[in-house]
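Novice:
Number of protein chains: 2
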Amino acid sequence: MEKSKKDQIYEAAARLFRDKGYQATSMRDLAKEVGLQASSLYNHFPSKADVLREICMNNAQRFLAGMHEVEAHEGSASEKISSLIRLHVQLSIEDVTSVTAFNDEWRHLEEPHLSAFLQLRKNYENRFQAIIVEGIAAGEFKPVNPLILSYTLFSAVRWLYDWYQPGKKITAKMLEDEILGILMEGVRK
Amino acid sequence: MEKSKKDQIYEAAARLFRDKGYQATSMRDLAKEVGLQASSLYNHFPSKADVLREICMNNAQRFLAGMHEVEAHEGSASEKISSLIRLHVQLSIEDVTSVTAFNDEWRHLEEPHLSAFLQLRKNYENRFQAIIVEGIAAGEFKPVNPLILSYTLFSAVRWLYDWYQPGKKITAKMLEDEILGILMEGVRK
DNA sequence: CCTACCGATCGGTAGG
DNA sequence: CCTACCGATCGGTAGG
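So the sequences go chain by chain: P and B. Mapping to my numbering: the first sequence position 182 is 182, numbers consecutive. Mapping to my numbering: the second sequence position 99 is 288, numbers consecutive.
Structural data, given as structure tokens:
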């Protein structure tokens, strides 16, 4: 099954947005990447803003789907948080679109899409923080500030997207385990 | 002592670059911010690229100066790493230019300045990682991968710049202590 | 420091 | 899906 031209554009856009940023990526850059003229892109997407919007909204849904799955499983709060950190690591190194959406380029969304995106994101954060609160109440976690902890965990994996080289010596599994160890157990011996 | 017009431009640029990104900030935006015409900016900076370059280079030097101070003090590796994490937190919440430089906008530097910046950054990272190696050898830290740990620590504070509201209930000191606790001792009770 | 203006490039459209 | 083209905006310059 071939990838549709629309999918090719979508993926090339995510790559360019990650590497150069949304504003620095022109429709002519994007067209060249997929072997079209700039004007032909408009047969697949109504506007440049729409390409970004699709990437951001799809990925907000992906994170929320991951959250839904974690919530559905029985497990302690620390098992749930561990699964979510693994989710963030995996998406960061496997899927370039997730990074575009979650990190920086969502800033360039226009209203009303910006508000819609932020609402999905807020929902994800709230559910993440609820698990932290649950873990503290159960005596699994130290009594940290749930807001600070959640943002620290989200950011802690933000360097992966421009550092991790797939197929290198470090496997995704090793990376997940190492990062999980640092965040859950700390650095001090 | 008044701030010079050049300093005003420099600071307004850092704020705009952080909020909208380098590419999305026009010289006309920047001019309006400081009450000038766009063409008048060129009496203070030779180009838009030069404004970014000054911000990035100054801040690379600031991080290296912080590193130098930490290295000069006697202390265990974990004291040094703690001081450096505090440095990152402080710069993130106190100085908008540091964020522009360290996080994302340095990507828009042009050669040969991009290479020069990356070299300073690499030097900082190497010295940071050397302290981690020293801490592991001394039995202070768990035997983690120094590269992974260093990047995890750098990123862990990257959310602060668009979240922290000075004068809010949470003081800078509380924030530093909380983040240090999470990273050094871990979350699990 | 301003007015006036430049060539280049942008996102996007018309028409086929 | 292409050619041809649009108005707007960009970084930057000339001249005073």
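Even glycine gets a Cβ: it sits at the ideal position worked out from N, Cα and C. All values derive from a computational prediction rather than experimental measurement.
For F330(B) and chain P, any beta-carbon pair shorter than 7 Å?
Specialist: Counting from one through the second sequence, the residue named residue 330(B) turns up at place 141. Yes, because at least one Cβ of chain P sits closer than 7 Å to the Cβ of F330(B).
Novice: List, in order along the chain, the chain B residues whose C-beta lies closer than 7 Å to that of N145(P)?
Specialist: Mapped onto the first sequence, residue 145(P) falls at position 145. Ordered by position in chain B, the residues that pass the 7 Å Cβ test against N145(P) are E367.
Novice: Can you look up F234(B) in the DSSP assignment and give me helix, strand or coil?
Specialist: In the second sequence, residue 234(B) corresponds to position 45, counting from 1. In this structure, F234(B) counts as coil in the three-state DSSP scheme.
Novice: Spell out whether any CB of chain P is found under 7 Å from the CB atom of S236(B).
Specialist: Counting from one through the second sequence, the residue named residue 236(B) turns up at place 47. Judged by the 7 Å Cβ criterion, S236(B) is not in contact with chain P.
Novice: Could you give the C-beta distance for E178(P) and N334(B), rounded to a whole number, given that I count them as a contact under 8 Å?
Specialist: Walking along the first sequence from the start, residue 178(P) turns up at place 178. Walking along the second sequence from the start, residue 334(B) turns up at place 145. About 6 Å separates the two Cβ atoms, so the contact holds.
Novice: From what residue to what residue does the alpha helix (DSSP H) around V278(B) run?
Specialist: Position 89 of the second sequence holds residue 278(B). Taken as a continuous stretch (DSSP letters only), the alpha helix (DSSP H) holding V278(B) covers 266 to 283.
Novice: Beta carbons nearer than 8 Å to chain B: which residues of the region 94 to 123 of chain P have them?
Specialist: Answer in chain order: D104, R107, H108.
Novice: Could you tell me the distance, in whole angstroms, from the CA atom of K237(B) to the CA atom of M67(P)?
Specialist: Sequence index remark: in the second sequence, residue 237(B) carries index 48 (1-based). Sequence index remark: in the first sequence, residue 67(P) carries index 67 (1-based). When rounded, the distance between both Cα atoms is 43 Å.
Novice: What are the residues of the region 21 to 37 of chain P that lie near chain B, defined by any Cβ-Cβ distance shorter than 7 Å?
Specialist: The region 21 to 37 of chain P vs chain B, Cβ under 7 Å: G21, Q23, A24.
Novice: Which of helix, strand or coil does DSSP assign to R377(B)?
Specialist: Taking the second sequence and counting its residues from 1, one reaches residue 377(B) at position 188. The answer is strand: DSSP assigns R377(B) an E or B state.
Novice: Run through chain B and tell me which residues come within less than 7 Å of I182(P), C-beta to C-beta.
Specialist: As a working note, residue 182(P) is residue 182 in the first sequence. V333, L338, T341, listed in chain order.
Novice: Kindly list the residues whose CB is nearer than 7 Å to the CB of L342(B), restricted to its own chain and excluding five residues on each side of it in sequence; keep chain order.
Specialist: Translated into positions along the second sequence, residue 342(B) becomes position 153. These residues qualify, in order along the chain: I274, L372.
Novice: If you pair each beta-carbon of the region 283 to 296 of chain B with each one of the region 241 to 261 of chain B, do three or more pairs fall below 8 Å?
Specialist: Touching, yes.
Novice: Per DSSP, which one or two residues make a beta bridge with F17(P)?
Specialist: In the first sequence, counting from the first residue as 1, residue 17(P) sits at position 17. F17(P) pairs with nothing; no bridge assigned.
Novice: Under 8 Å between beta-carbons, which chain P residues line up against L364(B)? List them in chain order, please.
Specialist: As a working mapping, residue 364(B) is identified with position 175 in the second sequence. Under the 8 Å cutoff, chain P gives I148.
Novice: Is E79(P) close to chain B? Criterion is C-beta to C-beta, closer than 7 Å.
Specialist: Here residue 79(P) is taken as the residue at index 79 of the first sequence, counted from 1. Answer no: the Cβ-Cβ gap between E79(P) and chain B never drops below 7 Å.
Novice: Please look up how many angstroms separate the CB atoms of G132(B) and I282(B), rounded, as I've assumed it's under 8 Å.
Specialist: Absent from the model: residue 132(B). The displayed extent of chain B is 190 to 378, so no value can be given.
Novice: When the Cα atoms are used, what is the spatial distance from K358(B) to G35(P)?
Specialist: Looking up residue 358(B) in the second sequence gives position 169. Looking up residue 35(P) in the first sequence gives position 35. So the two alpha carbons sit approximately 54 Å from each other.
Novice: Buried or exposed: where does T360(B) fall if 16 or more other Cβ atoms within 10 Å of its Cβ makes it buried?
Specialist: The residue you call residue 360(B) lines up with position 171 of the second sequence. Result: exposed.
Novice: Taking C-beta pairs closer than 9 Å, name the residues in chain B that E185(P) reaches, listed in chain order.
Specialist: Sequence index remark: in the first sequence, residue 185(P) carries index 185 (1-based). In chain order: K331, E374, G375, V376, R377.
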